[in-house]
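Heads up, the sequence shown is in my numbering, so the first residue is 24 and it goes up one at a time. All C-beta atoms, glycine included, are put in the ideal place defined by N, C-alpha and C. Being a predicted model, the structure only gives us computed values, none of them experimental.
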Amino acid sequence: MTKILMVCLGNICRSPLAEGILKSKLSKDFIVDSAGTANYHSGAAPDTRSIAVARKYGLDISNLKGRQFNVTDFDTFDLIYVMDQSNYNNVIKLARHNEDIAKVKLILNEVHEGKNYEVPDPYYGGDHGFENVYQMLDEACDVIASSLI
């Protein structure tokens with residue numbers, strides 16, 4: 024069973040969307056979860072704008088709860104997708120060895136290999152930012168799902 028973790032800063036905007044999108048594209052033979060590099064929103068539901076854009080596309084992420092990434096996630100998960108370079112740096116700081124580091128990837132590199140594009144944080148923007156993030160993550164999750172199936 025392949026286990027995949029999606030990581031952003033607070034685990035209320037981008038990573039819960041990525042979790043919901045990828046889960047919808049994979050069978051129950053896969054485990055998909057999400058976490059944040061900071062503990063700002065531990066135990067909180069996703070941002071209402073993330074919930075709304077997910078719902079627009081038939082996904083329900085309202086039951087997800089924020090949590091902070093921790094070093095044991097390297098043991099639990101096979102793949103760790105981060106949304107931006109800051110998230111990447113924060114996760115890599117916790118890595119214990121090269122095997123941990125090898126699990127961590129910028130999610131948009133799945134679509135734009137080697138370009139290191141970032142999924143922008145929509146938190147301080149309007150609803151359009153959440154739509155834009157959804158579209159980016161949906162495209163990346165299509166590539167990830169097709170590579171896993």
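Give me the residue from Gln108, Asp52, Asn113 and Arg37 with the minimum Cα distance to Ile84. Ranking the options by Cα distance to Ile84, first place goes to Arg37.
Would the region 120-135 and the region 82-102 be scored as touching if the rule is three or more Cβ pairs under 8 Å? Touching, yes, given that three or more Cβ pairs across the two stretches are closer than 8 Å.
Give the single residue among Lys26, Met24, Thr25 and Val30 whose Cα lies nearest to the Cα of Pro143. Answer by Cα proximity: Val30.
With distances taken from CA atoms, which of Ile172, Ser73, Asp56 and His64 is nearest Gly149? Cα-wise, what sits closest to Gly149 is Ser73.
So which of Val55, Gly33, Gly43 and Lys48 has the shortest CA-CA distance to Thr25? Nearest to Thr25 by C-alpha distance, out of Val55, Gly33, Gly43 and Lys48, is Val55.
Spatial distance of Glu42 from Ser57 (CA atoms): Taking the straight line joining both Cα atoms gives about 6 Å.
Quick check: the Cα distance between Phe53 and Asn113, rounded to an integer number of angstroms? Per the coordinates, the alpha-carbon of Phe53 lies some 25 Å from the alpha-carbon of Asn113.
Rounded to whole angstroms, what is the Cα-Cα separation between Ile115 and Asp123? Each residue's alpha carbon lies about 8 Å from the other.
Using the three-state DSSP reduction, which class does Ser38 fall into: helix, strand or coil? Three-state DSSP puts Ser38 in a helix.
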